[in-house]
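K.L.:
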Amino acid sequence: MSHKTTNWSSSDDAMVESAIRSGASRRDLLKLMLASGVALTAASAIVGRASEAVAATPVKGGALKAAGWSSSTADTLDPAKASLSTDYVRCCSFYNRLTFLDKAGVPQMELAESIETSDAQSWTIKLKKGVTFHNGKDLTADDVIFSLKRHQDKATGSKVATIAAQMTGFRAVDKNTLEVTLASPNADLPTILSMHHFMIVADGTTDFSSGNGTGAFKCKQFEPGVRSIGVRNPNYFKESSNVDSFEFFAIQDENARINALLSGDIHLAAAINPRSVRLFEGVNGFTLSTTTSGTYTDLNIRMDMAPGNNRDFVEGMKYLVNRQQIVKSALRGFGVVGNDQPVSPANFFHNAALKPKQFDPEKAKFHFQKAGVLGQSIEVITSDAANSAIDMAMIVQATAAQIGLKLDVKRVPTDGYWNNYWLKAPIHFGNINPRPTPDILFSLLYKSDAPWNESRYSSEKFDKMLIEARGALDQAKRREIYNDMQIMVSEEAGTIIPAYISNVDAITDKLKGLEPNPLGGMMGYAFAEYIWLTA
Amino acid sequence: MRKQVSSLVIRRLLIALITLVIVSFAVFFATALLPGDTATILLGQSATPEAIEGLRNAMHLNDPAILRFLRWIGGLFRGDFGTSYANNVPIADLIRGRFANTMKLAGLTAAVSVPLALTLGITAAIWRGTLYDRFVTVATIGIISVPEFMIATLAVLLFAVYLRWLPALSLTNEIKSFHDLLRVYAMPVVTLTFGVSAQMIRMTRAAVVETLNTPYVEMALLKGASRSRLVLKHALPNALGPIVNSVALSLSYLLGGVIIVETIFNYPGIAKLMVDAVSTRDLPLIQTCAMIFCVGYLFLITAADIIAVLSNPRLR
Chain A
1 MSHKTTNWSS SDDAMVESAI RSGASRRDLL KLMLASGVAL TAASAIVGRA SEAVAATPVK
61 GGALKAAGWS SSTADTLDPA KASLSTDYVR CCSFYNRLTF LDKAGVPQME LAESIETSDA
121 QSWTIKLKKG VTFHNGKDLT ADDVIFSLKR HQDKATGSKV ATIAAQMTGF RAVDKNTLEV
181 TLASPNADLP TILSMHHFMI VADGTTDFSS GNGTGAFKCK QFEPGVRSIG VRNPNYFKES
241 SNVDSFEFFA IQDENARINA LLSGDIHLAA AINPRSVRLF EGVNGFTLST TTSGTYTDLN
301 IRMDMAPGNN RDFVEGMKYL VNRQQIVKSA LRGFGVVGND QPVSPANFFH NAALKPKQFD
361 PEKAKFHFQK AGVLGQSIEV ITSDAANSAI DMAMIVQATA AQIGLKLDVK RVPTDGYWNN
421 YWLKAPIHFG NINPRPTPDI LFSLLYKSDA PWNESRYSSE KFDKMLIEAR GALDQAKRRE
481 IYNDMQIMVS EEAGTIIPAY ISNVDAITDK LKGLEPNPLG GMMGYAFAEY IWLTA
Chain B
536 MRKQVSSLVI RRLLIALITL VIVSFAVFFA TALLPGDTAT ILLGQSATPE AIEGLRNAMH
596 LNDPAILRFL RWIGGLFRGD FGTSYANNVP IADLIRGRFA NTMKLAGLTA AVSVPLALTL
656 GITAAIWRGT LYDRFVTVAT IGIISVPEFM IATLAVLLFA VYLRWLPALS LTNEIKSFHD
716 LLRVYAMPVV TLTFGVSAQM IRMTRAAVVE TLNTPYVEMA LLKGASRSRL VLKHALPNAL
776 GPIVNSVALS LSYLLGGVII VETIFNYPGI AKLMVDAVST RDLPLIQTCA MIFCVGYLFL
836 ITAADIIAVL SNPRLR
């Protein structure tokens with residue numbers, strides 16, 4: 001970035017770029033910047049630079065090398081077991097799903113030609129013709145049934161077993177058509193099928209190490225915990241990939257990952273900590289790609305035990321959390337202020353009218369006084385296991401001290417956090433990864449009997465609305481119900497979601513065509529088949 | 536005399552074997568103390584009680600610990616290292632490539648550091664008290680005091696990021712020529728050499744200085760032996776015991792202790808494999824890695840002891 005503007009950081013660059021991608025005009029952007037006091041000449045230079053990055057034509061060739069942040073011997077090419085971004089990236093390059101989400105969060109067909117239903121309960125899925133697996137076998141309805149059904153087998157160890165459990169009936173109509181029956185109506189099936197775990201594998205596969213899928217790359221080498229190398233699949237049913245080959249591995253140490261990118265060893269370094277973003281300032285040839293896809297770290301107050309069983313305590317905490325400051329300091333600006341409900345702005349059903357609670361220590365104090373907790377010492381569990389939770393805890397603790405509430409912040413190790421503290425401690429931090437639909441989020445996190453009901457929220461009305469929205473095929477009606485449910489969660493539940501955290505990937509300027517996607521960073525992990533490399 | 540030597544050597548080997556058994560027990564029970572098991576770690580956040588139970592049964596994690604331990608030990612005697620819990624791959628497959636990488640790195644580092652350290656140590660002892668000796672001493676103490684990650688990070692920043700002479704990562708699959716080999720291994724080998732040779736230099740110097748002070752060396756000097764003969768023929772053989780021991784200790788570090796260098800250069804070696812295995816609670820893999828480190832360590836130490844015994848004129 002040669003054009004240097006005073007006080008203009010790469011987080012602002014990323015912000016402008018994402019505004020352009022989401023359709024802001026040049027005039028809008030200039031207005032936006034003039035409002036924040038950037039001089040006109042500098043502002044036009046910034047807009048020109050960002051547009052340059054968005055518009056260009058793909059070129060073929062090159063060997064793409066990218067590094068994620070987590071990898072171990074547990075790396076797998078079995079989509080059902082995929083658990084880390086590394087697995088998702090690999091699965092996206094070797095396999096395909098029936099559907100995928102575009103950047104607006106709307107499901108588009110991938111292996112499926114069409115997915116139709118009249119009652120949201122029995123679905124007819126037609127497959128594209130002429131799709132072949134890497135070993136030459138044709139894609140048939142049997143492969144799809146096998147791929148979906150195996151999630152229900154306990155021995156598979158599937159991450160989406162609970163979601164897959166609702167698919168109760170499978171029937172192959174002909175070679176390219178199948179019917180799926182659900183236990184109860186669910187209009188979200190096309191979106192659910194876009195989850196990375198529902199990649200389609202060949203019928204009868206038990207050994208997944210060869211990565212035999214229909215995807216844009218054929219697996220040439222896969223060593224768990226070391227690397228994977230894919231080469232372009234010439235028989236790909238979509239437009240074949242731009243790059244000739246794709247090597248993916250993880251560099252766990254963040255400094256090493258950044259250095260590898262700066263030295264030109266890799267083209268993309270995924271998940272850069274906001275703290276390290278300054279390392280790229282003043283260095284030419286690198287850009288940051290920001291995605292806010294709905295990951296969040298939340299402060300959970302269990303409402304079934306003290307002190308959270310006192311309504312006023314929860315209410316006070318919501319006023320006490322300084323959301324703006326958390327985004328500014330804990331996340332270094334790489335986040336969007338949240339409004340205490342899990343459906344993020346990247347989601348199609350996000351309720352934009354629901355504004356977050358304003359930081360108001362006076363109101364907080366009033367509620368704490370009513371709850372009679374001032375002067376007591378209240379334990380808050382935090383850990384590095386949840387992204388930025390330690391910084392957030394510090395910020396909340398400092399503001400609490402100003403109004404006389406003593407928060408005893410206890411920092412516990414990452415190892416074993418999810419088993420020993422999460423969902424268990426009275427006040428603790430959680431970290432939730434993006435899910436594609438409000439239904440999944442609510443069923444998983446807020447339904448009265450939800451497995452991860454972080455604050456033990458329970459409302460009969462809410463549960464009823466959840467079932468009602470799930471089976472509704474009328475989009476407008478669903479939106480209305482989901483809007484109301486977001487308001488209920490925001491006001492009634494004990495989960496404080498101060499911000500949706502952005503994922504920042506650092507890329508070299510040679511890598512083009514990377515777009516944000518609601519399913520996660522690196523273009524929803526599927527970047528390899530879309531991007532291209534310039535000389 | 537010969538009988539005494541062989542009984543000493545045999546006793547040394549027996550002790551090594553017993554140590555191995557004790558270590559395998561210790562590692563097994565230490566891992567069992569870690570919170571959570573493979574099923575909970577693999578399922579992570581998405582773990583529901585039924586899912587964990589199902590996976591545990593499928594993986595035979597519900598069997599008593601001692602049964603799993605015996606099964607593993609039994610397999611080991613048949614040359615079968617078992618199967619990884621985390622991804623169902625035979626452990627031999629997981630370890631093979633990594634072990635070769637570790638041996639390559641250790642071998643190259645040893646090839647550079649041992650001759651370097653011995654030369655510096657011996658020459659510093661010969662010219663003890665000179666400017667050269669002081670320089671070597673100050674430099675080795677300085678290098679001992681700088682932690683490895685600092686040297687490695689500085690090297691990467693300088694040679695990879697600013698000068699762009701060397702790659703920041705050590706990707707072993709890209710080695711196609713001798714030139715590539717040098718480029719890939721230059722920084723990790725230099726970093727490790729700094730770490731391991733300082734100790735050896737100090738020990739070598741001390742041992743040689745001590746023997747140079749003995750009456751028989753003085754005797755040789757009075758008889759008119761040349762300086763090089765004095766050191767190489769008279770002093771060095773007697774200083775060999777402590778030197779070999781310090782070399783063995785330093786080299787054993789290269790087997791399992793190079794996790795920092797492996798992390799910074801993203802080098803797929805066996806130390807990182809073991810750390811992965813601990814985080815996924817992959818018991819058979821942890822055990823196997825621990826046994827490899829233990830065997831390597833015992834081999835080096837026992838070899839050093841035997842060399843010391845054999846080189847001891849009083850026992851020869």
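Just so you know, the sequences run in chain order A and B.
Using this note's numbering, read the first sequence as starting at 1 and increasing by one per residue.
Using this note's numbering, read the second sequence as starting at 536 and increasing by one per residue.
Cβ coordinates follow ideal geometry from the N, Cα and C atoms, glycine included.
Just to confirm the assignment, what range does the alpha helix (DSSP H) spanning A/PHE222 have?
P.N.:
No alpha helix (DSSP H) holds A/PHE222; the beta strand (DSSP E) holding it covers 217-223.
K.L.:
Here's a check: name, in chain order, each residue in its chain whose Cβ is nearer than 6 Å to the Cβ of B/ALA742, leaving out the five neighbours to either side.
P.N.:
Once the five neighbours on either side are set aside, the close Cβ partners of B/ALA742 are ALA774, PRO777 and ILE778.
K.L.:
From the DSSP secondary-structure annotation, give me the bridge partner or partners of A/LEU101.
P.N.:
A/PRO107
K.L.:
Give the straight-line distance between the Cα atoms of A/GLU529 and A/ASN255, rounded to the nearest whole angstrom.
P.N.:
Distance between A/GLU529 and A/ASN255, taken at the CA atoms: about 27 Å.
K.L.:
Can B/ALA674 and B/ARG740 be called in contact, C-beta distance under 7 Å?
P.N.:
no
K.L.:
Just how far apart, CA to CA, sit B/VAL624 and B/THR618?
P.N.:
6 Å
K.L.:
Anyone know if the C-beta pair for A/PRO436 and A/VAL343 falls short of 7 Å?
P.N.:
no
K.L.:
Considering just the uninterrupted stretch of the beta strand (DSSP E) at A/ASP174, what are its terminal residues?
P.N.:
167-174
K.L.:
Report the neighbours of A/ALA74 on chain B: residues whose CB is nearer than 7 Å to its CB, in chain order.
P.N.:
Those within 7 Å of A/ALA74 in chain B are LEU577, ALA621, ASN622 and THR815.
K.L.:
Identify, in the order they occur along the chain, each residue of the same chain with its Cβ nearer than 7 Å to the Cβ of A/ILE163, setting aside the five sequence neighbours on each side.
P.N.:
ILE192 and ILE440
K.L.:
Find the residues of chain A that neighbour B/SER798, judging by a C-beta separation of less than 9 Å, and give them in chain order.
P.N.:
Here residue 798 of chain B turns out to be Thr, not Ser, going by the sequence shown. Per Cβ cutoff of 9 Å: ILE251, GLN252, ASP253 and ALA256.
K.L.:
Assess contact between the stretch 266-283 of chain A and the stretch 397-417 of chain A, defined as three or more Cβ pairs (one per stretch) separated by less than 8 Å. Is contact present?
P.N.:
no
K.L.:
Considering only DSSP beta bridges, list what A/TRP560 is partnered with.
P.N.:
A question about residue 560 of chain A goes unanswered here, because the residues of chain A that appear run from 1 up to 535.
K.L.:
What is the rounded straight-line gap between the Cα of A/LYS65 and the Cα of A/PHE246?
P.N.:
If I take the Cα positions, the gap works out to 6 Å.
K.L.:
DSSP beta-bridge partners for A/VAL231?
P.N.:
A/LYS218 and A/SER245
K.L.:
Determine, using beta-carbon pairs with one atom in the stretch 798-810 of chain B and one in the stretch 819-826 of chain B, whether at least three such pairs fall under 8 Å.
P.N.:
yes
K.L.:
Starting from A/ASP484, follow the alpha helix (DSSP H) in both directions and report where the run begins and ends.
P.N.:
Looking at the DSSP string, the run of the alpha helix (DSSP H) that includes A/ASP484 is 475-492.
K.L.:
Does the Cβ of B/ASP615 have 16 or more other Cβ atoms within 10 Å, making it buried, or fewer, making it exposed?
P.N.:
exposed
K.L.:
Count the C-beta pairs between the stretch 221-229 of chain A and the stretch 671-687 of chain B that are closer than 8 Å, then say yes if the count reaches three, no if not.
P.N.:
no
K.L.:
Compute the beta-carbon to beta-carbon distance between A/ASN217 and A/SER71, rounded to the nearest angstrom, for a pair I have assumed lies under 8 Å.
P.N.:
Checking the sequence, you will find Phe at residue 217 of chain A rather than Asn. Actually they do not touch by this definition, with Cβ atoms about 18 Å apart.
K.L.:
Under 7 Å, do A/THR181 and A/SER118 count as touching if we go by C-beta distance?
P.N.:
The answer is no: Cβ separation not under 7 Å.
K.L.:
Pull out every residue of the stretch 260-281 of chain A whose Cβ sits closer than 9 Å to any Cβ of chain B, in chain order.
P.N.:
ALA260, LEU261, LEU262, SER263, GLY264, ASP265 and ILE266
K.L.:
On the criterion of 16 or more Cβ atoms from any shown chain inside 10 Å, does A/VAL283 qualify as buried, or is it exposed?
P.N.:
The residue is exposed, with fewer than 16 neighbouring Cβ atoms inside 10 Å.
K.L.:
Do you know how far the Cα of B/PRO803 is from the Cα of B/ILE795?
P.N.:
One C-alpha to the other measures close to 12 Å.
K.L.:
Shorter than 7 Å from the beta carbon of B/ALA627 to some beta carbon of chain A?
P.N.:
Not closer than 7 Å to any Cβ of chain A, the Cβ of B/ALA627 fails to qualify, so no.
K.L.:
Pick out the complete alpha helix (DSSP H) segments inside the stretch 771-799 of chain B, 4 residues or longer, and give them in chain order.
P.N.:
771-791 and 794-799
K.L.:
In its own chain, which residues sit with a C-beta less than 7 Å from the C-beta of A/ASN309, not counting the 5 before and 5 after it?
P.N.:
MET303
K.L.:
Buried or exposed: where does A/GLY48 fall if 16 or more other Cβ atoms within 10 Å of its Cβ makes it buried?
P.N.:
Confidence at A/GLY48 is low in this model, with a pLDDT of 44, below 50, so the placement of that residue is unreliable and no value is reported for it.
K.L.:
Out of curiosity, what's the CA-to-CA distance linking A/GLY521 and A/GLY211?
P.N.:
22 Å
K.L.:
Can you tell me whether DSSP reads A/LYS406 as helix, strand or coil?
P.N.:
strand
K.L.:
For B/ASN597, I'd like the list of residues in its chain whose CB is within less than 6 Å of its CB, leaving aside the five on either flank, ordered along the chain.
P.N.:
Within the same chain, B/ASN597 has close Cβ partners ARG591.
K.L.:
At 9 Å on the CB atoms, spell out the chain A contacts of B/VAL691, in chain order.
P.N.:
ASN255, ALA256, ASN259, ALA260 and SER263
K.L.:
On the DSSP bridge assignment, give the partners of A/ASP505 in chain order.
P.N.:
A/SER289
K.L.:
Based on Cα-Cα distance, which residue from A/SER502, A/LYS103, A/LEU127 and A/GLU492 lies nearest to A/PHE313?
P.N.:
A/GLU492
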